[in-house]
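This report concerns only the one structure given below.
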Amino acid sequence: MTNDSAPQLLPDSGAPAATGRIPELLHAAVTAVGGVERPGQIKMAEAVAEAVEHAEHLLVQAGTGTGKSLAYLVPALAHGDRVVVATATLALQRQLVERDLPRTVEALHPILRRRPLFAMLKGRSNYLCLHRANEGTPSDEGEGLFDPAEALGGPSSKLGQDILRLRDWADETETGDRDDMSPGVSDKAWAQLSVSSRECLGASRCAYGQECFAEKARERAKLADVVVTNHALLAIDAIEGAPVLPEHELLIIDEAHELVNRVTGAATAELTVGAVNRAVKRAARLANEKAVDALQAAAESYHGLMETAQPGKVEELPEYLGYAVAAIRDASRLVITSLGETRDKGLSDEDAVRKQAMAAAETLHDTTERLLSESPYDVVWIERNDRYGLVPASLRVAPMSVSGLLRENLYKERSVVLTSATLKLGGDFNGVAASVGLPVEGRLPQERTAQEPERAQGEDAPPYWRGLDVGSPFSYPKQGILYVAKHLPPPGREPERPQMLDELADLIGAAGGRTLGLFSSMRAAQTAAEQLRERLDVPILLQGEDTLGELIRAFASDPETCLFGTLSLWQGVDVPGSACQLVVMDRIPFPRPDDPLMSARQKAVEEAGGNGFMAVAATHAALLMAQGAGRLVRAADDRGVVAVLDPRLATARYGGFFRASMPDFWYTTDRNQVRRSLAAIADSAPPVVPVAPRGPAPAPR
């Protein structure tokens, strides 16, 4: 995952500053990959170089086909100091490390006269733990260490076979990176042979510290000029006090529309019955009996309460639930104290057992402390994932907003570039900027001018930023149609909408298949697939019936095939060509009214005097719709229709906000015109050539 050659440093050539050489450098990089620079790509590269030079922050909307990876890599490499690039998907991380960076480094070498080093860095749990692979795993089922292949169903079970494959792979792999293993293994199998940062013994205490894959990745990152990571690790770096990324002067966040969700996920904690029970079992091996009994009693009490708990937002912990959570907190503190005092030489690997038990107890203590603090900046709710009530509910806590967290931790002492194909919502950057901690009062003119505004100084000064839309090389009005089914009744809460399904069937028939159906819920996608399979003579694939990668490959290789699914299909699916000529959205994807976090955020905006609906619900939906509409045109010769089967996009006051957030397709509500256009596009489409679609990738762990 790195370039192994050392950087070649030659005497200074007296070349002009990097910003003045951007067109030359970009030309060399683009030529190396067999392309031609685009106006938007040049504009973006120059803007990134200027942001670094003037210690500013930059939001860049770069439409599909702009070539934004090279547009930020070229000025980043020319900059000379360490750069961190954070992405949301494995697909883009691999593209950067395996294709874009090697080619760009070689192309720029004759001009820069150096070869910058690059490396990929992920969280510790993404790397196989050699200690666990060779010494076994502390068991939750009994004393000491155990053989997970035997204990979890035996070597003949699927889980046992996965663990045995992992052990064999440990002797072959150079990186230990889970994503380098093909075929992969289940989460449960991987968990047996990996550790979290809290569970890790530490390189100095571990017998395998010198060979540790995670430590080697960190060492490579310390030496690299460009470190490629994911949003999750970036979030941990921003949230926790101890830095996990090496020091750097430039941070580039690609797929930046995902940043808020990823940071929110990293800052969310959960108190589950299973986690408390696991902590009890782990503590039982080393902690004193009094501490273990206290935690066991607290676990039983919590279990009983959560079996009947009803899901929903918790404004204030009920007294009975507060007592149960406090009991877990106090008992976990006793366990932590006991683990720090006791030693048991009877265990074959006491350190590993103790570390795992301590990690479980500390996590419980931190989560319960946070729940009991009832901070006004947090949202607490009860969640039940099992609709039949067979599994106890759990308590979850998440930040009301991450904008303040990002403002305090992301923008100090470095320039930050955030880029995506969808950052302008409703026609401007203000909404997205505010969500990532860039306040409106810090916004600078789009273009640098001789008369720059006077800026406040000091710690209280806002982060200064510019917003830039470099457009797209595609001609959206000529390549696509945005059709809104204005004649349909507005959707209600029920998934079955007979008139909507009639409209969808007509559109698919006119397109001859070739349809990507984006639904706001899995239930709606399943209902549509079941009913239309009986009415249409085209294959309809449904998310969940196979792996996402296999479904997308089948969809891309057969022109008559349709693919229906929900949220993970709205973003990242890249199927250029005639296999996808109709993208259908069943409704505007507003968050559920009973979503605890979204409803709390909306209420907070309203209490502050703002428009909660537009700031939270509409912004959330507009971002998804912009991403969904972006699935249609992926190449210069793509043609097709984005059909929204929700009349509110045409009739509601907020409809204009959503349309302004989407690509500038030709807009119509004429159903007959759209059917004729679809038929004409299908008739003129070239045969589908099977290709490997580019996405989506699983979210980085």
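Numbering of the sequence shown is given in the working numbering, commencing with residue -18 and proceeding in unit increments. From the three backbone atoms N, C-alpha and C, an ideal C-beta is built for every residue, glycine too.
| Check | Outcome |
| --- | --- |
| Which of helix, strand or coil DSSP assigns to Thr348 | helix |
| Cβ neighbour criterion (16 or more within 10 Å) applied to Pro628 | buried |
| Under the three-state DSSP convention, the category Met579 falls into | helix |
| Identified DSSP bridge partners for His38 | Trp446 |
| Three or more C-beta pairs below 8 angstroms linking the stretch 195 to 205 and the stretch 351 to 369 | no |
| Separation of Glu300 from Pro472, as counted between CA atoms | 40 angstroms |
| 7 angstroms CB neighbourhood of Asp81 in its chain, flanking five on each side removed | Ser50, Leu51, Leu54 |
| Per-residue DSSP class, three states only, for Asp235 | coil |
| Residues near Ser106 in its chain [Cβ-Cβ closer than 6 angstroms; skip 5 each side] | Ser175, Ser177 |
| Backbone CA spacing between Ala598 and Ser319 [nearest angstrom] | 47 angstroms |
| Cβ-Cβ distance between Ser665 and Ile462 below 9 angstroms | no |
| CA-to-CA distance, Leu345 to Cys187, given in whole angstroms | 25 angstroms |
| Coil, strand or helix - Ala67 by DSSP | strand |
| Through-space distance from Pro444 to Val625, alpha-carbon basis | 38 angstroms |
| Cβ-based neighbour list, Ala170, same chain, cut-off 7 angstroms, excluding 5 preceding and 5 following | Leu140, Asp143, Ile144, Leu147 |
| Length of the line joining the Cα atoms of Ile662 and Arg656 | 10 angstroms |
| Host beta strand (DSSP E) of Gly498 (start-end) | 496 to 499 |
| For Leu563, the residue or residues it bridges with in DSSP | Thr496, Val622 |
| Secondary structure of Leu98, DSSP reduced to three states | coil |
| From Ala28, His35, Leu98, residue whose alpha carbon lies closest to that of Arg395 | His35 |
| Contact under 9 angstroms by Cβ, Val361 with Leu298 | yes |
| Whether Ala114 touches Ala172 by CB criterion (9 angstroms) | no |
| Meets three-Cβ-pair contact criterion under 8 angstroms: the stretch 603 to 614 and the stretch 550 to 568 | yes |
| Whole-angstrom distance between Val33 and Leu425, CA atom to CA atom | 15 angstroms |
| Separation of Leu102 from Val209, as counted between CA atoms | 6 angstroms |
| Selected residue, minimal CA-CA separation from Ala57, among Leu71, Leu73, Ala28, Val316 | Ala28 |
| Gly1 in three-state terms, based on DSSP | helix |
| Coarse secondary structure for Glu364, derived from DSSP in three states | strand |
| Proximity of Gly452 and Thr156 at Cβ, strictly below 9 angstroms | no |
| Proximity test, Glu588 beta-carbon vs the ligand GTP heavy atom, cut-off 8 angstroms | What this structure holds is no ligand at all, so the ligand GTP is not there to describe. |
| Buried or exposed by the 16-neighbour rule on C-beta atoms within 10 Å, applied to Thr400 | buried |
| CB of Leu485 within 9 angstroms of CB of Asp567, strictly | yes |
| Proximal residues to Gly490 (C-beta, below 8 angstroms), its chain only, five neighbours per side dropped | Leu517 |
| Gly1 versus Arg429 - alpha carbon distance | 15 angstroms |
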